[in-house]
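Chemist:
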Amino acid sequence: MNNTELQNSIQSKLDNLTKPPGSLGHLEDIVKQFCLCRNNADASINKKTLFVFAGDHGIVEEKITPFPQEVTVQMVNNMLNCGSAVTVMCKKAEVDYRVVDMGVAGKFDKHPLLLDYKVTAGTKSFLKDFAMTPEQCNMALDSGKKIAASLNCDITAIGEMGIGNTSSASALFSLLLDKNAISTVGSGTGSAGEMLQKKQRVIAEAVSFHRKQWDNTPLDALRRVGGFELAGMTGFIIGCAQKHIPVVVDGFISTASALCAIKMQPDVKENLFFGHSSNEKFHKNVLQNLKVRPILDLDMRLGEGAGAVLAVQIIEQALNCYHNMATFNSAGVSDHVS
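Just so we're aligned, residue 594 is where the sequence shown starts under the numbering used here, counting upward by one.
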């Protein structure tokens, strides 16, 4: 079945359900996108996964975040103990989750929920230097692709943990979308007042420094101002597209990785659902730039993948209607008049 035949098959099934045509709104778009991603008009969700990519950032040396760097390792441990928002959501939603150590500045005991892909203990400050070496960036990208290659699920979601990673995401958006850094920088984990103003100045200075030498590729942008978890998610997105496994992108930071992946391989966009519109101020601008519609808008700015896990449940309900509603014929209901 070619792509046009597949689209027609999905639409025909949707239109034959006991409802006015198009009355399930965006849920119908979700069904069509999911089935097209899976290349199967009868695609369904049986196994769901979430990967939380974690890493630390040298830019925190500039004192632009209210939380100290050690919070990253503490929150990873909290996730491993199922104490974070996203992990209790996963438990309720029956989503199988793993935390991926891409570059946390701390050590962990072995744990069944922890994947160790640590490149090194955090990036360098990108204020006047590359955050990563070319080798480190490639290693992180390849790790994300490797994780994707091992997947056996019907849908997956991504989230992140890393003090300072909103700064990296803001800098990536500034470079890749050619935006003033002041406009892309928000409060992150709660920067306000003088600290927020300092954060904006620091990121603007860093972006100005890197823009002069940047080669206009997403890979070079990642190396310059990204993070190990951001590069890992970028590779993961590319790898999942190759396996036709839909990825639900979380918020502001995960979207930075999605943008990098789309800039590297534009076709991956068709494989992505954007879970929610973050409260982080520039996120809506990015979604509009990408011409995508987020599934939810709940004023969240937590990260971790929390919004993505909620969105997975919406996708499940869309498919539930698609597969389990009666047809006009089976229910003995008169179809609409053409």
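Glycine is no exception: its CB is placed at the ideal position from the N, C-alpha and C atoms.
Which residues share a DSSP beta bridge with residue 749?
Modeler: In the DSSP output, where bridge partners are listed per residue, residue 749 has 642 and 840.
Chemist: Using the beta-carbon count (16 or more within 10 Å), is residue 897 buried or exposed?
Modeler: Burial call: buried.
Chemist: Which of helix, strand or coil does DSSP assign to residue 647?
Modeler: Strand.
Chemist: Throw me the rounded Cβ distance for the residue 869 and residue 900 pair, which I believe falls under 8 Å.
Modeler: Sure, about 4 Å apart at Cβ, within 8 Å.
Chemist: For the alpha helix (DSSP H) holding residue 883, just list the boundary residues, first then last.
Modeler: Residue 883 -> alpha helix (DSSP H) spans 876-883.
Chemist: Below 8 Å on the Cβ atoms is my guess for residue 710 versus residue 725; work out the distance and round it to an integer in Å.
Modeler: Not a contact, Cβ separation roughly 14 Å.
Chemist: The beta strand (DSSP E) that contains residue 915, what's its start and end?
Modeler: Segment 899-917 is the alpha helix (DSSP H) holding residue 915; no beta strand (DSSP E) there.
Chemist: Give the straight-line distance between the Cα atoms of residue 796 and residue 656, rounded to the nearest whole angstrom.
Modeler: Spanning the two alpha carbons is a distance of roughly 12 Å.
Chemist: What's the C-alpha gap between residue 787 and residue 878?
Modeler: Straight-line Cα distance between these residues: approximately 24 Å.
Chemist: Helix, strand or coil: how does DSSP classify residue 672 here?
Modeler: Residue 672: helix per DSSP, three-state reduction.
Chemist: Give the DSSP-derived three-state secondary structure of residue 777 in the structure shown.
Modeler: Looking at residue 777 - three-state DSSP - the assignment turns out to be helix.
Chemist: With distances taken Cα to Cα, identify the nearest neighbour of residue 744 among 760, 775 and 689.
Modeler: Comparing Cα positions, the closest option is 689.
Chemist: Taking the Cβ atom as the reference point for each residue, do residue 807 and residue 768 lie within a distance shorter than 8 Å?
Modeler: Yes, the Cβ-Cβ distance between residue 807 and residue 768 is below 8 Å.
Chemist: Checking the sheet assignment: what are the DSSP bridge partners for residue 794?
Modeler: In DSSP, residue 794 forms no bridge with anything.
Chemist: Counting C-beta neighbours from all protein chains within 10 Å, is the total for residue 778 16 or more, i.e. buried, or is it exposed?
Modeler: The residue in question, residue 778, is buried, as its Cβ has 16 or more Cβ neighbours within 10 Å.
Chemist: Is DSSP giving residue 567 helix, strand or coil here?
Modeler: A question about residue 567 goes unanswered here, because the residues of the chain that appear run from 594 up to 931.
Chemist: Are the CB atoms of residue 741 and residue 648 within a distance shorter than 8 Å?
Modeler: Taking 8 Å as the Cβ cut-off, residue 648 and residue 741 do not qualify as a contacting pair.
Chemist: Going by DSSP in three states, residue 825 sits in which element: helix, strand or coil?
Modeler: Looking at residue 825 - three-state DSSP - the assignment turns out to be helix.
Chemist: Please classify residue 627: does DSSP put it in a helix, a strand, or coil?
Modeler: Of the three classes helix, strand and coil, the one that applies to residue 627 here is helix, per DSSP.
Chemist: Using a Cβ-Cβ distance cut-off of 8 Å, determine whether residue 700 contacts chain D.
Modeler: Given the protein chain composition of this structure (a single chain), no chain D is represented.
Chemist: Just how far apart, CA to CA, sit residue 857 and residue 637?
Modeler: If I take the Cα positions, the gap works out to 29 Å.
Chemist: How about residue 914 and residue 617: do their beta carbons lie closer than 8 Å?
Modeler: Yes. Within cutoff.
Chemist: Could you give the distance in angstroms between the alpha-carbon of residue 640 and the alpha-carbon of residue 746?
Modeler: Going by the C-alpha atoms only, they are around 5 Å apart.
Chemist: Between the region 621-638 and the region 596-605, are three or more C-beta pairs nearer than 8 Å?
Modeler: Judged by Cβ distances under 8 Å, the region 621-638 makes contact with the region 596-605, as three or more pairs qualify.
Chemist: By Cβ distance, which residues of its chain are closer than 7 Å to residue 720, with the 5 residues on each side in sequence left out?
Modeler: Here the set comprises 652, 655, 795, 798 and 799.
Chemist: Please list, in chain order, all residues of the same chain as residue 701 whose beta carbon is under 8 Å from its beta carbon, the five residues on each side excluded.
Modeler: Cβ neighbours of residue 701 beyond the five flanking positions: 666, 669, 670, 673, 694, 707 and 709.
Chemist: Taking 8 Å as the cut-off, decide whether the C-beta atoms of residue 697 and residue 645 are in contact.
Modeler: No, they are not a contact pair.
Chemist: Look at the alpha carbon of residue 718 and the alpha carbon of residue 763, and state the distance between them as a whole number of angstroms.
Modeler: So the alpha carbons of these two residues sit roughly 14 Å apart.
Chemist: Please check the pair residue 729 and residue 749, which I expect to be a contact at CB under 8 Å, by giving their CB distance rounded to whole angstroms.
Modeler: So it is not a contact: roughly 24 Å between Cβ atoms.
Chemist: Using the rule of at least 16 other Cβ atoms within 10 Å of the residue's Cβ for burial, across every protein chain shown, is residue 683 buried or exposed?
Modeler: Result: buried.
Chemist: Could I get the ranges of all uninterrupted beta strand (DSSP E) runs contained in the region 692-732, with 3 residues as the minimum, in chain order?
Modeler: The qualifying runs are 707-709.
Chemist: Is residue 610 helix, strand or coil by DSSP?
Modeler: It is a strand residue.
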